[in-house]
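For reference, the structure is listed below as structure tokens.
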Amino acid sequence: MFNIEQQIIEGKIKGFCAANDIPLAELKWQPIPFSGEWGFATSFFQTAANEARAGKGGKPVPQRAQEMAEQVKGQLGSVPGISHIEAVKGYLNIYFETSEYAQRVVDEVLSSGADFGRGTKKNERVMVEYAQPNTHHSFHIGHARNTILGEVLARLVEFAGFETIRASYPGDLGLGVITVMWIYEKFYKGQEPVGVHERGQWLAKLYVEATSLLEKKENETPEQTAQREVYEAERREMYRKWDAGDEHVRELWRVTREWSLEELREVLKMLDVKMDVWFYESDVDEPSKVIVDELIARDIATDERPQGGAVIVKIDEKLGLTKEKYRTNVLLRSDGTTLYLTKDLALAKMKFEQYQVDRSIYVVDVRQSLHLQQAFAILKLWGFPQAEKCHHLGYGFVSLPEGAMSSRRGHVVLFKDVADEAVRRVLAVESEKSGDVPVSEREKIATQIGLGALVYSMLSVDNNKDIVFDINEALSFDGRTGPYIQNAYVRANSILKKSKVEEPALSLSKGQKSGDLRPSTFDYELTKHEIELIELISRFPQTVEQAANEYRPLVMAAYAYDLANAFHSFYHAVNVLQTDDAKIRNARLQLVMAAKQTIENALRLLDIQAPEVM
RNA sequence: GCCUCUAUAGCUUAACGGAUAAAGCAACGGUCUUCUAAACCGUCGAUCUAGGUUCGAUUCCUAGUAGAGGCACCA
64 MFNIEQQIIE
74 GKIKGFCAAN
84 DIPLAELKWQ
94 PIPFSGEWGF
104 ATSFFQTAAN
114 EARAGKGGKP
124 VPQRAQEMAE
134 QVKGQLGSVP
144 GISHIEAVKG
154 YLNIYFETSE
164 YAQRVVDEVL
174 SSGADFGRGT
184 KKNERVMVEY
194 AQPNTHHSFH
204 IGHARNTILG
214 EVLARLVEFA
224 GFETIRASYP
234 GDLGLGVITV
244 MWIYEKFYKG
254 QEPVGVHERG
264 QWLAKLYVEA
274 TSLLEKKENE
284 TPEQTAQREV
294 YEAERREMYR
304 KWDAGDEHVR
314 ELWRVTREWS
324 LEELREVLKM
334 LDVKMDVWFY
344 ESDVDEPSKV
354 IVDELIARDI
364 ATDERPQGGA
374 VIVKIDEKLG
384 LTKEKYRTNV
394 LLRSDGTTLY
404 LTKDLALAKM
414 KFEQYQVDRS
424 IYVVDVRQSL
434 HLQQAFAILK
444 LWGFPQAEKC
454 HHLGYGFVSL
464 PEGAMSSRRG
474 HVVLFKDVAD
484 EAVRRVLAVE
494 SEKSGDVPVS
504 EREKIATQIG
514 LGALVYSMLS
524 VDNNKDIVFD
534 INEALSFDGR
544 TGPYIQNAYV
554 RANSILKKSK
564 VEEPALSLSK
574 GQKSGDLRPS
584 TFDYELTKHE
594 IELIELISRF
604 PQTVEQAANE
614 YRPLVMAAYA
624 YDLANAFHSF
634 YHAVNVLQTD
644 DAKIRNARLQ
654 LVMAAKQTIE
664 NALRLLDIQA
674 PEVM
């Protein structure tokens, strides 16, 4: 978008090297990494090394690289839009003509508005699967990491130009679910707490209690043992009835399952997540059995049930691998019931066939890495070409300072509790810090800020790293946090409000000009803060692309902080409204608008709200 | 036993194989009659060890150390 000069210069360098028989390596451009400097750079080390390898020269590589940079510089002459060029330490540094470049960047942002940074439309459909909590349990802070990562990834991929489908896959069956139903039926039948979250969390408490009742304890009395065995038999019987389609058990399942799903939908709403597709484990249970039959028929799976075993796939053997990689896994238990892996095969088939996806991203805990690799390998054996386009985005799990979370034991930190606490903490400081915020708005803005802090804390760690959850860190409002970025947005907004510049100026459609204000002219000596800010704004489009290509929300999170940081510094050092020269004041107002718009776009991609005041 | 991931400042984290390793927190010192100080400016402080590849390694490879995780009827 901002690389016309780069292309011109690249052409000239290639011409020069061809004419002088220099084996030019691929030209890699980067921003000049010194603050306040403004332009782009490339180095000639690789080219010099190529030359040396070809037996020419004989000079040390750095020296030869510098020589080349100087020669190229001599050949370039003057290039429109470029103020000056220097050759230093083997690098060629090319500096922009500030006024023109600044104007181009700012105008681009203002004319594109909410679309600034959007990638060109790609002809590819991507499905992102995330938010796969179990029903009858609780949505804890680990699920929150998953959901936030998935949602932000979906937003990035979508904004980068891909058609994107968001999919949730709640686990609504299995022994854990039956366990909750058993204790409900036995001890709590007919009870139902008021409130969506209360009811959902109550099921999680029942699960803990049930687990404890069913667990073998040390030094059990014979009576206790007998009691436990009775309970266990009841639970097994309920599982059997569920499997057989017993109407009463199925109804109990439907009702309690809905309690959980209602809470999940409520949580997703809090996080502004709108799912396109809901898959349930129970939907793919039966279809997956059909698949196993086919795999057995095609000799991909081996049926060892006649010998009292299970249905298995010797994945390495079938793929012809000699080294152990995917190992062997079970598709059906010896009793014929399905497993997680089995259901994932049916789910993938559904994604490929019903939704015609070209690429499928699974946002799943890194501990399930082998399982997913096994699933993808079996899909390949089965003959799905899209199996190559299945990608597991693993992320490190969230634990507590006292150890791993456990739904079974009730050792969890619930997302809802943290979110509530976040709002409380913001409200506690709001009266002293936010004189501007109308009382009626406080709750809403406190929610935006509190969740902003929480969400950002989840995004600011690379996804392959584990997180030890510390509520004080997650809900910090100072420094590299969500509220810091929100505050930059608020400050920009505040300047614009006071300047009486109307918002519509920001939403001009392409090609329109707002007469008196634009085009902005930056033909004065820019401060280094302005240069830095414009530089960062101009990098937004490529940051979107990088974050989407690498599946790394962190890249966008880091960028958003850098951008906000540049704005805060600018805000502090450069006065906008009190600038005497009307033209400069105008240009700076344009820059503030562009910064506000870019921060807004970045926050939106990060699933963080942008409050007007705070 | 096999496999995967991680190791950077006191703590939490960044850094397409390139120039001076970047932030936040904590500590210390400054900045509010100013477009709101949830901010700004400054000081202190780091690449686990040993080899290798490369003109150049925090980054790639090998080995080691330390931590986390996974490995056939849980999800």
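Under my numbering, the letters of the first sequence match residues 64 to 677, in that order. Beta carbons: idealized from backbone N, C-alpha and C, even for Gly.
Where does S539 fall in DSSP's three states? Your numbering for residue 539 matches position 476 in the first sequence. Coil at S539, not helix or strand.
Can you tell me the Cβ-Cβ gap for K91 and L139, rounded? I've got them flagged as a contact below 8 Å. Within the first sequence, residue 91 is the residue found at index 28, counting from 1. Within the first sequence, residue 139 is the residue found at index 76, counting from 1. 18 Å between Cβ atoms; not a contact.
When you compare the CB positions of R554 and Y634, do they come within less than 7 Å of one another, or not? Sequence index remark: in the first sequence, residue 554 carries index 491 (1-based). Sequence index remark: in the first sequence, residue 634 carries index 571 (1-based). In this structure, Y634 lies closer than 7 Å to R554 by Cβ.
As assigned by DSSP and simplified to three states, the class of T288: Within the first sequence, numbered from 1, the residue matching residue 288 stands at position 225. Helix at T288.
Does the region 394-407 come close enough to the region 168-188 that 3 or more CB-CB pairs lie under 8 Å? Short answer: they don't touch.
On a CA-only basis, which of K122, G446, M244 is nearest Y302? Give me that one, please. The residue you call residue 302 lines up with position 239 of the first sequence. Relative to the Cα of Y302, the nearest Cα in the group K122, G446, M244 belongs to M244.
Starting from N156, trace the beta strand (DSSP E) both ways and give me its first and last residue. Within the first sequence, the letter at position 93 stands for residue 156. Secondary structure note for N156: its beta strand (DSSP E) is the uninterrupted segment 154-159.
Determine the extent of the beta strand (DSSP E) in which V426 is found, giving its start and end residues. Position 363 of the first sequence holds residue 426. 422-428 is the span of the beta strand (DSSP E), which, as asked, contains V426.
Compute the Euclidean distance between the alpha carbons of L522 and F225, then round it to the nearest angstrom. Translated into positions along the first sequence, residue 522 becomes position 459. Translated into positions along the first sequence, residue 225 becomes position 162. Cα to Cα, L522 sits roughly 22 Å from F225.
My guess is that A516 and S539 are in contact by the Cβ rule of under 8 Å, so how many angstroms apart are they, rounded? Along the first sequence, read from residue 1 onward, the residue named residue 516 stands at position 453. Along the first sequence, read from residue 1 onward, the residue named residue 539 stands at position 476. Right, their Cβ atoms sit about 7 Å apart.
Could you have a look at K377 and say whether DSSP puts it in helix, strand or coil? Along the first sequence, one-based indexing puts residue 377 at 314. Look at K377 here: in three-state DSSP terms it is strand.
Can you list, in chain order, the stretches of the beta strand (DSSP E) that have 3 or more residues and sit fully within the region 200-242? Counting only runs of 3+ residues, the beta strand (DSSP E) found wholly inside the region 200-242 occupies 226-231, in chain order.
In terms of residues, what are the limits of the alpha helix (DSSP H) holding M656? Within the first sequence, the letter at position 593 stands for residue 656. Judged by DSSP secondary structure, M656 falls within the alpha helix (DSSP H) whose first and last residues are 645-668.
Determine which residues share a DSSP beta bridge with C453 and list them. Here residue 453 is taken as the residue at index 390 of the first sequence, counted from 1. Bridge partners of C453 according to DSSP: S423.
Just to confirm before moving on: does the CB-CB distance between P193 and V426 stay below 7 Å? Position 130 of the first sequence, counted from the start, is the residue given in the question as residue 193. Position 363 of the first sequence, counted from the start, is the residue given in the question as residue 426. Correcting the residue identity first, residue 193 is Tyr in this sequence and not Pro. In this structure, V426 lies closer than 7 Å to Y193 by Cβ.
To the nearest angstrom, how far is the alpha carbon of L669 from that of A111? Counting from one through the first sequence, the residue named residue 669 turns up at place 606. Counting from one through the first sequence, the residue named residue 111 turns up at place 48. If you take the alpha carbons of L669 and A111, they lie about 42 Å apart.
Pick out whichever of Y458, L408, H454 has its Cα sitting closest to the Cα of G446. For the purposes of this step, residue 446 is taken as the residue at position 383 of the first sequence. With distances taken between Cα atoms, G446 lies closest to L408.
Hey, D421 and E613: beta-carbon distance below 7 Å or not? The sequence position of residue 421 within the first sequence is 358, counting from 1. The sequence position of residue 613 within the first sequence is 550, counting from 1. For D421 and E613, no; Cβs fall outside 7 Å.
Simplified DSSP assignment, three categories, for Y458: Along the first sequence, one-based indexing puts residue 458 at 395. In the structure shown, Y458 sits in a strand (DSSP, three-state: E or B).
As assigned by DSSP and simplified to three states, the class of S162: As a working note, residue 162 is residue 99 in the first sequence. Assigned with DSSP and collapsed to three states, S162 falls in helix.
State the start and end residues of the unbroken alpha helix (DSSP H) segment that holds E73. Your numbering for residue 73 matches position 10 in the first sequence. Membership of E73 in the alpha helix (DSSP H) is indicated by the continuous run 67-82.
Kindly confirm or deny that the region 200-215 and the region 301-317 touch, where touching means at least three C-beta pairs closer than 8 Å. No: the two stretches stay apart, fewer than three of their Cβ pairs being nearer than 8 Å.
Going by DSSP in three states, F103 sits in which element: helix, strand or coil? As a working note, residue 103 is residue 40 in the first sequence. DSSP places F103 in strand when its eight states are reduced to three.
Residue range of the alpha helix (DSSP H) that I441 falls in? On the first sequence, residue 441 is found 378 positions in, with the first residue counted as 1. Under the DSSP assignment, I441 falls in the alpha helix (DSSP H) whose first and last residues are 432-445.
Inter-residue spacing [alpha-carbon to alpha-carbon] between G121 and E608: On the first sequence, residue 121 is found 58 positions in, with the first residue counted as 1. On the first sequence, residue 608 is found 545 positions in, with the first residue counted as 1. Cα atoms of G121 and E608: separation of roughly 41 Å, rounded to the nearest angstrom.
Quick check: the Cα distance between M338 and K268, rounded to an integer number of angstroms? Your numbering for residue 338 matches position 275 in the first sequence. Your numbering for residue 268 matches position 205 in the first sequence. Their backbone Cα atoms lie some 27 Å apart in a straight line.
Whole alpha helix (DSSP H) elements within the region 468-543, 4-residue minimum: For the region 468-543, the continuous alpha helix (DSSP H) assignments of 4+ residues that do not extend past its boundaries occur at 478-496, 502-522, 534-537, in sequence order.
Minimum C-alpha distance to I204 - residue among D529, L236, C80: Here residue 204 refers to the residue found at position 141 when the first sequence is read from its first residue. Nearest option by C-alpha distance: D529.
Can you give the Cα-Cα distance for T405 and L435, rounded to whole angstroms? Looking up residue 405 in the first sequence gives position 342. Looking up residue 435 in the first sequence gives position 372. Here the alpha carbons of L435 and T405 stand approximately 11 Å from one another.
Express the C-alpha separation of A440 and S175 in angstroms, rounding to a whole number. Start at 1 with the first residue of the first sequence, and residue 175 comes out as number 112. Start at 1 with the first residue of the first sequence, and residue 440 comes out as number 377. The straight-line gap separating the alpha-carbon atoms of S175 and A440 is approximately 43 Å.
In chain order, each alpha helix (DSSP H) run of at least 4 residues that lies wholly inside the region 590-654: You should have 591-601, 603-612, 616-636.
Under 8 Å, with one C-beta from each stretch per pair, do the region 226-235 and the region 448-462 reach the 3-pair mark? When C-beta atoms of the region 226-235 are compared with those of the region 448-462, fewer than three pairs fall below 8 Å, so the two segments do not count as touching.
Output yes or no for whether 7 Å exceeds the beta carbon distance between L173 and A657. Taking the first residue of the first sequence as 1, we reach residue 173 at position 110. Taking the first residue of the first sequence as 1, we reach residue 657 at position 594. The Cβ atoms of L173 and A657 sit closer than 7 Å to each other.
Based on DSSP bridge pairs, tell me the residues matched to T400. Numbered from its first residue, the first sequence carries residue 400 at position 337. DSSP output for T400 lists no bridge partner at all.
Which of the three DSSP states is assigned to R390 in this structure? Position 327 of the first sequence, counted from the first residue, corresponds to residue 390. Coil at R390, not helix or strand.
Using the C-alpha atoms, what's the distance from S469 back to G371? Along the first sequence, one-based indexing puts residue 371 at 308. Along the first sequence, one-based indexing puts residue 469 at 406. Cα to Cα, G371 sits roughly 34 Å from S469.
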